[in-house]
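Peer 1: Just dropping this structure here.
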Amino acid sequence: MGPAVNPTGQPTISSPDSPAEPPATRDRAAASPAVQRVVDYLRGWGVGDASARTLAETLDTRIDPAVDDAAKRGTAMLEALERWTDGLANELGLSGEADRVAFVMAVYGARLLDAHPEALLQSADLLDDLRGHLDVWEHGVLPKLEPQEMHRQPLGDLPMVLRGEFWSGTYRWVMPGGDKSIRPHVPESVSSENASPGSAP
Amino acid sequence: MSERIPNSPVPRMLRTTSGVLFSRIGLILATFASTYLASVAFGHVVFRGGVNPATVALWLLFCVLFLWVAQGFWTATIGLLQMLRHSPTSVFKVKHEPLPRLDPEAMPRTAVLMPVYNEDSVRFFAGLEAMIRSVHATGYGTAFDYYVLSDTTDPTVWLEEETQFAALLDQLADENLARRKGRTDGGPFANVYYRRRHKNVARKSGNIEDWCERFGRGYTYMLTLDADSVMDGNTIVEMVHRSTAEPDIGILQVPPQPVNRNSLFARCQQYAASVYGEVFNVGFGAWTHLDGNYYGHNALIRVQPFIDHCGLPLLPGKPPLGGEILSHDFVEAALIRKAGYKVQIAYDLDGSYEECPTTLVDYAIRDQRWCQGNLQHIRLVFTRGYRLMSRLHLGMGVMSYLASPLWLAFMLLGLVAVIVGGSGAAETAWTSGTITPWMIGVFLFVVVMLMLLIPKFYAVCLVLQRPDVMRAHGGELQAVVGAIIEVAVSVLIAPLMMVYHTTFVINTLIGRSVKWNAQQRDESAVGWGDAARNHWKQTAGGVVVGVLIAWLAPSLFLWALPVLLGLVVSIPVSVLLSSVTVGAWLRDRRLLMIPEEHEKPKVLRLHQAALSRTQAVADAVDDQHPMDRVVKDPAFCRFHLANLAANTEPFESPVNVAAAVESAQEQGLPSLGRPEQLAVLSNPHALRRLHHAAWA
Numbered sequence: 009m010g011p012a013v014n015p016t017g018q019p020t021i022s023s024p025d026s027p028a029e030p031p032a033t034r035d036r037a038a039a040s041p042a043v044q045r046v047v048d049y050l051r052g053w054g055v056g057d058a059s060a061r062t063l064a065e066t067l068d069t070r071i072d073p074a075v076d077d078a079a080k081r082g083t084a085m086l087e088a089l090e091r092w093t094d095g096l097a098n099e100l101g102l103s104g105e106a107d108r109v110a111f112v113m114a115v116y117g118a119r120l121l122d123a124h125p126e127a128l129l130q131s132a133d134l135l136d137d138l139r140g141h142l143d144v145w146e147h148g149v150l151p152k153l154e155p156q157e158m159h160r161q162p163l164g165d166l167p168m169v170l171r172g173e174f175w176s177g178t179y180r181w182v183m184p185g186g187d188k189s190i191r192p193h194v195p196e197s198v199s200s201e202n203a204s205p206g207s208a209p
Numbered sequence: 046m047s048e049r050i051p052n053s054p055v056p057r058m059l060r061t062t063s064g065v066l067f068s069r070i071g072l073i074l075a076t077f078a079s080t081y082l083a084s085v086a087f088g089h090v091v092f093r094g095g096v097n098p099a100t101v102a103l104w105l106l107f108c109v110l111f112l113w114v115a116q117g118f119w120t121a122t123i124g125l126l127q128m129l130r131h132s133p134t135s136v137f138k139v140k141h142e143p144l145p146r147l148d149p150e151a152m153p154r155t156a157v158l159m160p161v162y163n164e165d166s167v168r169f170f171a172g173l174e175a176m177i178r179s180v181h182a183t184g185y186g187t188a189f190d191y192y193v194l195s196d197t198t199d200p201t202v203w204l205e206e207e208t209q210f211a212a213l214l215d216q217l218a219d220e221n222l223a224r225r226k227g228r229t230d231g232g233p234f235a236n237v238y239y240r241r242r243h244k245n246v247a248r249k250s251g252n253i254e255d256w257c258e259r260f261g262r263g264y265t266y267m268l269t270l271d272a273d274s275v276m277d278g279n280t281i282v283e284m285v286h287r288s289t290a291e292p293d294i295g296i297l298q299v300p301p302q303p304v305n306r307n308s309l310f311a312r313c314q315q316y317a318a319s320v321y322g323e324v325f326n327v328g329f330g331a332w333t334h335l336d337g338n339y340y341g342h343n344a345l346i347r348v349q350p351f352i353d354h355c356g357l358p359l360l361p362g363k364p365p366l367g368g369e370i371l372s373h374d375f376v377e378a379a380l381i382r383k384a385g386y387k388v389q390i391a392y393d394l395d396g397s398y399e400e401c402p403t404t405l406v407d408y409a410i411r412d413q414r415w416c417q418g419n420l421q422h423i424r425l426v427f428t429r430g431y432r433l434m435s436r437l438h439l440g441m442g443v444m445s446y447l448a449s450p451l452w453l454a455f456m457l458l459g460l461v462a463v464i465v466g467g468s469g470a471a472e473t474a475w476t477s478g479t480i481t482p483w484m485i486g487v488f489l490f491v492v493v494m495l496m497l498l499i500p501k502f503y504a505v506c507l508v509l510q511r512p513d514v515m516r517a518h519g520g521e522l523q524a525v526v527g528a529i530i531e532v533a534v535s536v537l538i539a540p541l542m543m544v545y546h547t548t549f550v551i552n553t554l555i556g557r558s559v560k561w562n563a564q565q566r567d568e569s570a571v572g573w574g575d576a577a578r579n580h581w582k583q584t585a586g587g588v589v590v591g592v593l594i595a596w597l598a599p600s601l602f603l604w605a606l607p608v609l610l611g612l613v614v615s616i617p618v619s620v621l622l623s624s625v626t627v628g629a630w631l632r633d634r635r636l637l638m639i640p641e642e643h644e645k646p647k648v649l650r651l652h653q654a655a656l657s658r659t660q661a662v663a664d665a666v667d668d669q670h671p672m673d674r675v676v677k678d679p680a681f682c683r684f685h686l687a688n689l690a691a692n693t694e695p696f697e698s699p700v701n702v703a704a705a706v707e708s709a710q711e712q713g714l715p716s717l718g719r720p721e722q723l724a725v726l727s728n729p730h731a732l733r734r735l736h737h738a739a740w741a
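In order, the protein sequences belong to chains V and D.
For what it's worth, the numbering used here labels the leading residue of the first sequence as 9, then goes sequentially.
For what it's worth, the numbering used here labels the leading residue of the second sequence as 46, then goes sequentially.
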C-alpha cells in the first residue's frame, strides 16, 4: 500500500480502516526520535508518561513509513494528532460547534488522553467523557446569543443662545449694512445630525 | 411611585420620598443663602476702592467658588441630619425591611462584567475568583455568569490574561466536576467567559457596548465592574433583589470603598472615604434620591433599557472636547434617566470595594483622564432633553475640575488687586477699631475653611459615637489622630492638585488630547529622582511666586504661605506619601485604619487567598516568556487557539504575517515588535506553524 498523501503533498495519517505497515519494516533509527518528540509533546500538554508513549506509538504506526526524517516524521505525527482532535467535533456530530469542542479539548484534552490512551484506535470511551465535559461547558468559549444593535442616542440641541449660528446671525443683523432679512434663527435639528435612525426619542 | 411605597421592599431610608423635596429645597436655599451672604460680605472687601473689571471678576469668581464649597457643606449637613433623623437609637444603621428572597431558579440572569485593559492579571483574576466564590456561597451562583472583557493591547499582557484565565477554569473545572459527582449542584459552578477585542473602539464604554450587542439579550442585569473592583456576593445578590422589586430602577449604584492599599497616600484616601464618605454619600443620596448618578463601576444595570437608551452620542467637533465621550458613566445615567428609569445610589449597602492610586503622580494621571472626560460634559449640561438633576450631576463633574483653575485665578486676581491698589488697608486693619474690609476678608477665609472642615468634623464625631465603628477605625484617639493626619495631607497636596488640575484643564481646552494608559495599580514607591522629575516645576514655581509676593505684596505673604508651602515641599511630600513603610508603620499603630483592615470582610479574605493562587500561577510560568510559552507549550497554544477561534471580530493589520513568522522562527517571537507579535498571535495558521516548527 502506497503512502497516504494529503492535498498539499505532505505525508499524512492513514485512514483508521487501512492497515498500517508494521513498525518493524520502518527505519527505527528515524522513527524513535520522532516518537520521543511526540511523547515529549504530549507530556508537555499534560498527558502522563505511559499514556503519552502509547499515544505516540499509535500515531507512529499511522504515518507513512517512507517518511524517515525524524523532524518531518515528528511534524507529521503532530499534524495527525491535530487533525484527529479537530475531527472530534465531527465524530460527536457537533461539526457546527467545533469551537466549543476545541475549547473543551484545550481545557480537558490532556486529562482525557491520559485517561484514554487507546483513543486514537478506539475513541468511543473518550467521546463519552468528552460529551460529559461538553454538557458542563455548554457555551464553550463564549455563548452564542442573537446579537442586537445599540444605537447612538441623539445628542440633542443646545438652546438657541448657545449656538454659534445664533450669534453670527445676530451679528449680521445688527451690523450697519448687514442683511436685515436674516433673523437670528437656528433650525432645531442643527445639532441632531448624528442621531442614528431607530434610536430612542 | 408613591403607590408602590407601602409594599416596597427597598429599605426605608432609600425609599423615603417625603424628605426628598425637603432635602432638595433645603439644599438649594441653604446653598444660595449662604452664598448670597458671603458674596455681599465679599463685595464690601473688593469694591471698597471702586468697581472695575478686575474687582467684578474677583467677586464673580468668589461667588462661583463659594457656591461650590457651600453645596458640599450643605450636602454633608443633610447627610448628617438624615442619619440622625432615620435612626434615633443607632444613628447610622439604615432600617432594613427584609426583601422577599427569590428562588435561585427564579433569579433573573445577571452578567458580571469585568473590563480589563493592560492590567496586572494576577490582581485582576484574584478579584474575579473572589467574587465568583462569594456569589456562589450565597446559593445564587447559577444565576450569574462572568465575563472578562479584555481590551488589552499589549500582547504579553494578553497572554498573561489567558494564562490566568486557563488556570481559573482549571481550578473551577476541578471543583465543578467534584460537585457534579457529589450531586450537590445541578449545574456548572460558574460560567466564566473571556472575550478580547482586537481593537478597543471607544474604550471602556465601547467594550461594554460590544458586550451588550453580542450577549446582552441573554441577561436581565449586568453588574459593571472595574479591573480593581471586588464586590461581596451578598451585596450583589441584594442589588439584584432590589432591582427586581423595583422594575423601574435602571441603575443601582453602590459607592465603592477603596481598600487593600498600604502607601501613606492610599491609606489617607481609604480613611477619608471610610470616615467622611458615609456622611457625604447619605447626603448626596438623600437629595438625589432616584435621580442619582452612576460612577462607571460597582453598579447593577438593567440591560435592555441600557441597550435601548444609553448608546452614547457623538459630540460635535474634534477631540479633546468633541468626538467620542470618554467619561461615559454620568452620561449613561443621564440617558437612562431621560428614558424614565431611575438611578439610585444604594449608600446603605457595603461590600463594594475598589483599589485607589497609591502615589500622588498616579492619582494625578488618573485625574488627567477624568478631567478631559468631564470637561466634555460641558456641552451636555446645556443640551435640551436631559433632566435638571442629570444636568446638575454633569455640571458638578465639570466643576470638580474647573474649580482648581478658578481658585488659582481668584488668588492671582486678588494678588494683582492688592499690588495695584496698594495694601494700606490690610496693614492698618487692626488700628481702626471698627469692622474693616480686612476683617471681613479674614472672616470669610475662616468661614470657607470651616465649611471645608466641618463635614469632616461631623464624620469623625459620628464615628466616635458608635463604639464598634470607632474600634474599627483604630480606637478613639486613633480615629481623631487619623483625621488630623488626613487633613494635614489634604492641605499639603491641595495646592499641588490645584496646579495639576489647572494644567489639565488648560491642556484640554487648547486641544491637547489625553492618552488613556492603563492605570498603575501596584504599590511601587516614588524615588527621589522620579519625584524631582515630576514636581520640580511646581517647586520652582512656588519659590518664585513666594519671592515675588514677599517683594511686591508682603502683606499677602502669610495668606499665600499655605499654598506656597504645598508647592515648595511637593518633592519630599510626594516621596513620603508613596511610602509603603510609613503607611505600614501607621497601620501598626492603628492609625488611618479602616474597618476592612480591622476585620477583613469575607470577600476580601477570599481575594487574599485567590491572590496567593494567581501569584503562584504567575510564578510557575515565570521562567519562560509568555510569547515563548504560547509557541512551545502545547496546552497553552491550544488554549490560545481555542479562544482565538471564538473571536468573530476580524483582525486587521498591515503586518506581513509570513515575514513575521519567519522572523519569529529565527529570532523568537519575544524579539519581534508589538504589531508583529499581535499579528502572529491573532492568526491561528501563523501560530500553528510556529508551534509545529518549535516541536520539529
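For each residue, glycine too, the CB sits at the ideal point set by N, CA and C.
Nothing here was measured: the structure is a model prediction, and the numbers come from that model.
Measure the CB-CB distance between Val85(D) and Trp104(D) and report whether it falls below 7 Å.
Peer 2: Indexing the second sequence from 1 puts residue 85(D) at position 40. Indexing the second sequence from 1 puts residue 104(D) at position 59. Not closer than 7 Å, so no.
Peer 1: Is there a C-beta anywhere in chain D that falls below 7 Å from the one on Gln44(V)?
Peer 2: Translated into positions along the first sequence, residue 44(V) becomes position 36. It does not; no Cβ of chain D falls within 7 Å.
Peer 1: In terms of residue numbering, what span does the beta strand (DSSP E) encompassing Ala391(D) cover?
Peer 2: Numbered from its first residue, the second sequence carries residue 391(D) at position 346. That residue, Ala391(D), is in no beta strand (DSSP E); it is neither H nor E in DSSP.
Peer 1: Any beta carbon from chain D within less than 7 Å of Phe111(V)'s own beta carbon?
Peer 2: For the purposes of this step, residue 111(V) is taken as the residue at position 103 of the first sequence. Judged by the 7 Å Cβ criterion, Phe111(V) is in contact with chain D.
Peer 1: In its own chain, which residues sit with a C-beta less than 6 Å from the C-beta of Trp740(D), not counting the 5 before and 5 after it?
Peer 2: For the purposes of this step, residue 740(D) is identified with residue 695 of the second sequence, where counting begins at 1. Closer than 6 Å at the Cβ level, and outside the excluded window around Trp740(D), lies no residue.
Peer 1: Please report whether the beta-carbon of Glu694(D) lies at a distance below 7 Å from any beta-carbon of chain V.
Peer 2: Your numbering for residue 694(D) matches position 649 in the second sequence. Output row for Glu694(D): interface = no.
Peer 1: Any contact of the stretch 703–715 of chain D with the stretch 239–255 of chain D, i.e. 3+ C-beta pairs under 8 Å?
Peer 2: no
Peer 1: Under 7 Å Cβ to Cβ from Thr473(D), same chain only, skipping five residues before and after it: list those, please.
Peer 2: Numbered from 1 along the second sequence, position 428 holds the residue referred to as residue 473(D). Because the pLDDT of Thr473(D) is 45, which lies under 50, any placement of that residue in the model is unreliable, and the number read from its coordinates should be weighed accordingly. Closer than 7 Å at the Cβ level, and outside the excluded window around Thr473(D), lies no residue.
Peer 1: Determine the chain D residues that contact Glu154(V) at a beta-carbon separation under 8 Å, and present them in chain order.
Peer 2: On the first sequence, residue 154(V) is found 146 positions in, with the first residue counted as 1. In chain order: Arg262.
Peer 1: Going along the chain, which residues of the stretch 156–176 of chain V sit with their C-beta nearer than 7 Å to a C-beta in chain D?
Peer 2: Gln156, Glu157, Met158, His159, Arg160, Gln161, Pro162, Leu163, Gly164, Asp165, Leu166, Pro167, Leu170
Peer 1: Taking its Cβ as the centre, do 16 or more other Cβ atoms sit within 10 Å of Asn326(D), making it buried, or is it exposed?
Peer 2: Sequence index remark: in the second sequence, residue 326(D) carries index 281 (1-based). Counting Cβ neighbours within 10 Å, Asn326(D) comes out buried, since at least 16 surround it.
Peer 1: Report the residue ranges of all beta strand (DSSP E) runs contained in full by the stretch 352–434 of chain D; include only those spanning at least 3 residues, in chain order.
Peer 2: 387–390, 397–399
Peer 1: Quick check: is the beta carbon of Thr553(D) nearer than 7 Å to any beta carbon in chain V?
Peer 2: Here residue 553(D) refers to the residue found at position 508 of the second sequence. Output row for Thr553(D): interface = no.
Peer 1: Is it true that the CB of Trp452(D) sits closer than 7 Å to the CB of Met543(D)?
Peer 2: The residue given as residue 543(D) occupies position 498 in the second sequence. The residue given as residue 452(D) occupies position 407 in the second sequence. Their beta carbons are under 7 Å apart, which means Met543(D) touches Trp452(D) by this criterion.
Peer 1: At the level of alpha carbons, what is the spacing between Ile410(D) and Thr547(D)?
Peer 2: Looking up residue 410(D) in the second sequence gives position 365. Looking up residue 547(D) in the second sequence gives position 502. Distance between the alpha carbons of Ile410(D) and Thr547(D) is about 13 Å.
Peer 1: If you follow the alpha helix (DSSP H) that Gly519(D) is part of, which residue opens it and which one closes it?
Peer 2: Translated into positions along the second sequence, residue 519(D) becomes position 474. Where Gly519(D) is concerned, there is no enclosing alpha helix (DSSP H), given that its DSSP letter is neither H nor E.
Peer 1: Note down the Cα distance separating Leu380(D) from Ser274(D), rounded to an integer number of angstroms.
Peer 2: If you number the second sequence from 1, residue 380(D) lands on position 335. If you number the second sequence from 1, residue 274(D) lands on position 229. In a straight line, the C-alpha of Leu380(D) is about 24 Å away from that of Ser274(D).
Peer 1: Please state whether DSSP places Ala156(D) in a helix, a strand or coil.
Peer 2: Within the second sequence, the letter at position 111 stands for residue 156(D). Here Ala156(D) sits in strand by DSSP.
Peer 1: Let me make sure I understand the geometry here. Which of Gly430(D), Ala680(D), Arg69(D), Tyr316(D) has the alpha-carbon closest to that of Gly52(V)?
Peer 2: Here residue 52(V) refers to the residue found at position 44 of the first sequence. The option with the nearest alpha carbon to Gly52(V) is Ala680(D).
Peer 1: Tell me whether the beta-carbon of Val508(D) lies closer than 7 Å to the beta-carbon of Val514(D).
Peer 2: Counted from its first residue, the second sequence places residue 508(D) at position 463. Counted from its first residue, the second sequence places residue 514(D) at position 469. Yes.
Peer 1: Taking the alpha carbon of Ser445(D) as the reference point, which residue from Tyr503(D), Ile423(D), Ala654(D), Glu694(D) has its own alpha carbon closest?
Peer 2: Position 400 of the second sequence holds residue 445(D). Residue Ile423(D) is the option with its Cα nearest to Ser445(D).
Peer 1: What did DSSP end up calling Gly295(D) once you bin it into helix, strand or coil?
Peer 2: As a first step, residue 295(D) must be located in the second sequence, where it is residue number 250. Reduced to three states, the DSSP call for Gly295(D) is strand.
Peer 1: Shorter than 7 Å from the beta carbon of Asn688(D) to some beta carbon of chain V?
Peer 2: For the purposes of this step, residue 688(D) is identified with residue 643 of the second sequence, where counting begins at 1. Closer than 7 Å: yes.
Peer 1: Does the beta-carbon of Tyr116(V) have 16 or more other beta-carbons within 10 angstroms, so that it is buried, or is it exposed?
Peer 2: In the first sequence, residue 116(V) corresponds to position 108, counting from 1. By the neighbour-count criterion, in which 16 or more other beta carbons inside 10 Å mark a residue as buried, Tyr116(V) falls on the buried side.
Peer 1: Determine the DSSP secondary structure at Asn305(D), reduced to helix, strand or coil.
Peer 2: As a working note, residue 305(D) is residue 260 in the second sequence. Asn305(D) falls in the coil class under three-state DSSP.
Peer 1: Buried or exposed: where does Gly582(D) fall if 16 or more other Cβ atoms within 10 Å of its Cβ makes it buried?
Peer 2: Along the second sequence, read from residue 1 onward, the residue named residue 582(D) stands at position 537. The residue asked about is misnamed: residue 582(D) is Lys in this sequence, not Gly. By the 10 Å Cβ count, Lys582(D) comes out exposed.
Peer 1: Mind checking which residues open and close the alpha helix (DSSP H) that includes Gln68(V)?
Peer 2: Here residue 68(V) corresponds to residue number 60 of the first sequence, with the count starting at 1. Note that residue 68(V) is Asp in the sequence shown, not Gln. Note, Asp68(V): alpha helix (DSSP H), 57–70.
Peer 1: Applying a beta-carbon distance threshold of less than 8 Å, which residues of chain V neighbour His438(D)?
Peer 2: Against the second sequence, residue 438(D) aligns to sequence position 393. Correct list: empty, because the minimum Cβ distance to chain V is about 16 Å.
Peer 1: Just grab the DSSP bridge partners of Asn279(D) for me.
Peer 2: The residue labelled residue 279(D) in the question sits at position 234 within the second sequence. Partner(s): none; Asn279(D) has no beta bridge.
Peer 1: Mind checking which residues open and close the alpha helix (DSSP H) that includes Thr333(D)?
Peer 2: Against the second sequence, residue 333(D) aligns to sequence position 288. Counting along the chain, the alpha helix (DSSP H) containing Thr333(D) begins and ends at 322–333.
Peer 1: Strictly under 7 Å for the Cβ-Cβ distance: is Ile801(D) near chain V by that measure?
Peer 2: For chain D, the structure presents residues 46 to 741; residue 801(D) sits outside this window and is missing.
Peer 1: Using a Cβ cut-off of 7 Å (strictly closer), state whether Arg429(D) contacts chain V.
Peer 2: Taking the second sequence and counting its residues from 1, the one referred to as residue 429(D) is at position 384. So, interface residue.
Peer 1: Return helix, strand or coil for Ser195(D), following the three-state DSSP convention.
Peer 2: By one-based count along the second sequence, residue 195(D) stands at place 150. Reduced to three states, the DSSP call for Ser195(D) is strand.
Peer 1: From the DSSP output, in three-state form, read off Arg557(D) for me.
Peer 2: In the second sequence, residue 557(D) corresponds to position 512, counting from 1. Arg557(D): coil per DSSP, three-state reduction.
Peer 1: So does the stretch 294–311 of chain D actually touch the stretch 201–214 of chain D, counting three or more Cβ pairs closer than 8 Å?
Peer 2: Not touching, per the Cβ criterion.
Peer 1: State yes or no: is the beta carbon of Asp107(V) nearer than 7 Å to at least one beta carbon in chain D?
Peer 2: Sequence index remark: in the first sequence, residue 107(V) carries index 99 (1-based). At least one chain D Cβ lies under 7 Å of Asp107(V).
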